[in-house]
Amino acid sequence: MLRSIRTLAAAAAALALVSACNSAATPDKAPPGTSGGDSRGVTADSIKVGGIVSMTTASGYSKKDTDLGAKARYLRANAEGGVNGRKINYLGAEDDGQDPAKNMAAARKLVQQDKVFAVSPMSSVTFSGADFLEQEKVPTFGWGTLPSFCGPKYIYGFNGCLVPSPGGTLNQTWPEGIGQVLGGAAGKSVAVIANDSDAGKFGIRTFQQGFASAGFTVSYAKASVPATAVPSDWSAYVKEIMQSNGGKAPDAVVSVMQTPNNIGLFTALKRAGYKGLISDPTDYDPGLLAKEATKQALDGVHVLLQFEPFESDNPKMTQFKADIKAAAGGQDVPLNMHMVTGYMSADLFLSIAGKAGKDLTVESFQAAAQGFSDTGTLVGDRAEPKGQKDSFGCGALIQLKDGAYKVSVPFKCHEPIPFS
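Dropping the structure here:
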């Protein structure tokens, strides 16, 4: 049952007070009932958690609302009594500035100085701190779009592993959804473009296979756009794409990039006369519609979601909206997918921690994760450790049309395919 906004707002104030007291308290002591296990960040009545998020970047792109999403979920958990009697002491997220050195520094600070039990959320296009967190046995949760979310024992993607190694599986939501919009993939071509970065290269590798397996001809697949600066001239990229399908334009252009790049690329494509389908995985954000130029650049674009759309009448989406409003001090704030990233990262952590029982240690947490599963969440059915090798396989497509987002392909789970 949904709790009142007033109750959750009160919980927010209580959490702030608890956090302030903890920051001045003596170092964490192991709670009664723990013996021999690693209980860093766990006391008799609290669990300390922190996050790492790209709040600021050189391009101006920000994932700051990931932090708000996580806070919203932790606030509700605390309002409902916490996890097996312990409240979540969420320290907030460190800003890595989308910089590998800062990502590593943030990971070290959270573990060595703040002594957190877990890092949730971790949301950035760089994850240089992954090996350190794995070595220190820190349960870590985020969006599984980087290779570090696929394979390590202590790192979890809230929607599973999206860039698997050979032997894993690929989520087919995007290819199958675009095929549905186009009336089938047979005889259709797609161009896939990404940044020249580790994440971009993995994206090209995985989506090239996924679209081909769905029946598309992949006419163009390059991770060629600089990752450190948005190009001022997109003409060379557009020319290649427009001629990639045997001298013609492809039926679909798929961008595996962030908003500033997408705005530049899509604007240039439209100016060049491109009439096909355009899609990306990041631009589901009502805040983007405030600027007319941005709204025009993204008009008609189909955005990949790996969660229930905000337009859904699913009760869990209703709960999510209430939780976000409570965390925002009772204000109605524009929803975006970064909030979901933080919220569902926190949700998966809380769900596993709940199954670990009262005697919470890293060992008991990992044991609970080994047999964890649940159904009907905002990202579909979840299971671990399956999610450390495979995606959860669910998603939807949303189209921005005439200044409003509309569901173009409803949320659905697709059978993943083997990745080779």
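If you count the sequence shown from 1, position 124 lands on 254 in our numbering, and the numbers rise without skipping.
Where is the CB? At the ideal position from N, CA and C, for every residue including glycine.
Predicted model only: the values in this text are computed from it and were never measured.
Am I right that residue 432 and residue 500 are in contact with their C-beta atoms under 8 Å? What's the rounded C-beta distance?
Translated into the one-based positions of the sequence shown, residue 432 becomes position 302. Translated into the one-based positions of the sequence shown, residue 500 becomes position 370. Cβ-Cβ separation between residue 432 and residue 500: approximately 37 Å, too far for a contact (criterion under 8 Å).
**Study point:** CB contact flag (residue 309, residue 344, <9 Å)
**Key:** Translated into positions along the sequence shown, residue 309 becomes position 179. Translated into positions along the sequence shown, residue 344 becomes position 214. With contacts defined as CB atoms closer than 9 Å, residue 309 and residue 344 qualify as a contacting pair.
Below 8 Å, how does it come out for the segment 409 to 417 and the segment 381 to 398: are there three or more Cβ pairs, yes or no?
Segment contact: the segment 409 to 417 against the segment 381 to 398, three or more CB-CB distances shorter than 8 Å; contact assigned.
- Message: If we require 3 or more residues per run, which beta strand (DSSP E) segments fall completely within the segment 320 to 377?
- Response: Under the rule that a run must span 3 or more residues, the beta strand (DSSP E) segments found entirely inside the segment 320 to 377 read 347 to 355.
Item to complete: Check whether the Cβ atoms of residue 274 and residue 289 lie closer than 9 Å to each other.
Response: Against the sequence shown, residue 274 aligns to sequence position 144. Against the sequence shown, residue 289 aligns to sequence position 159. Yes; because the gap between Cβ atoms is below 9 Å, this pair is in contact.
With a cut-off of 8 Å, do at least 3 Cβ pairs link the segment 488 to 496 to the segment 462 to 470? At 8 Å Cβ cutoff, the stretches do not touch.
### Task
Work out the CA separation of residue 259 and residue 190 for me, nearest whole Å.
Taking the sequence shown and counting its residues from 1, the one referred to as residue 190 is at position 60. Taking the sequence shown and counting its residues from 1, the one referred to as residue 259 is at position 129. Each residue's Cα considered, the two are about 23 Å apart.
(message) So, under 8 Å CB-CB, residue 336 and residue 300 are touching, yes? Tell me the CB distance rounded to an integer number of Å.
(response) Translated into the one-based positions of the sequence shown, residue 336 becomes position 206. Translated into the one-based positions of the sequence shown, residue 300 becomes position 170. So it is a contact: roughly 6 Å between Cβ atoms.
| request: Counting only runs of 3+ residues fully inside the segment 364 to 451, write out the beta strand (DSSP E) ranges in chain order. | output: DSSP runs (the beta strand (DSSP E)) wholly in the segment 364 to 451: 382 to 386, 407 to 410 and 432 to 435.
Worksheet entry | Helix, strand or coil at residue 251 according to DSSP, with G and I counted as helix | For the purposes of this step, residue 251 is identified with residue 121 of the sequence shown, where counting begins at 1. Looking at residue 251 - three-state DSSP - the assignment turns out to be strand.
Span of the beta strand (DSSP E) around residue 174 | Indexing the sequence shown from 1 puts residue 174 at position 44. For residue 174, there is no enclosing beta strand (DSSP E), since its DSSP letter is neither H nor E.
Q: Just tell me which of 328, 327 and 346 has its CA closest to the CA of residue 314.
A: As a working note, residue 314 is residue 184 in the sequence shown. When each option's Cα is compared against that of residue 314, the closest is 346.
Can you give me the Cβ contacts of residue 194 inside the same chain, cut-off strictly under 6 Å, excluding the 5 residues immediately before and after it? Taking the first residue of the sequence shown as position 1, residue 194 is located at position 64. Cβ neighbours of residue 194 beyond the five flanking positions: 185.
Quiz item: Just to confirm, are residue 351 and residue 338 a CB contact at a threshold of 9 Å?
Solution: Translated into the one-based positions of the sequence shown, residue 351 becomes position 221. Translated into the one-based positions of the sequence shown, residue 338 becomes position 208. With a cutoff of 9 Å on beta-carbon distance, residue 351 and residue 338 are scored as near each other.
Rounding to the nearest angstrom, what Cα-Cα distance links residue 154 and residue 320 in this structure?
Along the sequence shown, one-based indexing puts residue 154 at 24. Along the sequence shown, one-based indexing puts residue 320 at 190. Residue confidence is low: residue 154 scores 34 on pLDDT, short of 50, so the model does not pin down where it sits. Its coordinate-derived value is still stated next. Roughly 56 Å between the two C-alpha positions.
- prompt: Can you tell me whether residue 545 is buried or exposed, with buried defined as 16 or more other CB within 10 angstroms of its CB?
  reply: If you number the sequence shown from 1, residue 545 lands on position 415. That one is exposed.
Practice task
Just mark residue 521 as buried or exposed, buried being the case when its beta carbon has 16 or more other beta carbons within 10 Å.
Solution key: Along the sequence shown, one-based indexing puts residue 521 at 391. By the C-beta density criterion, residue 521 is buried, having at least 16 other C-beta atoms within 10 angstroms.
May I have the straight-line CA-CA distance separating residue 536 from residue 441, to the nearest angstrom? The sequence position of residue 536 within the sequence shown is 406, counting from 1. The sequence position of residue 441 within the sequence shown is 311, counting from 1. Whole-angstrom Cα-Cα distance: 8 Å.
ask   = Can you name the start and end residues of the alpha helix (DSSP H) that residue 512 belongs to?
value = To locate residue 512, count along the sequence shown from 1; it is residue 382. Counting along the chain, residue 512 falls outside any alpha helix (DSSP H), though it belongs to the beta strand (DSSP E) covering 510 to 513.
Throw me the rounded Cβ distance for the residue 323 and residue 371 pair, which I believe falls under 8 Å.
Numbered from 1 along the sequence shown, position 193 holds the residue referred to as residue 323. Numbered from 1 along the sequence shown, position 241 holds the residue referred to as residue 371. With a Cβ gap of about 7 Å, residue 323 and residue 371 count as contacting.
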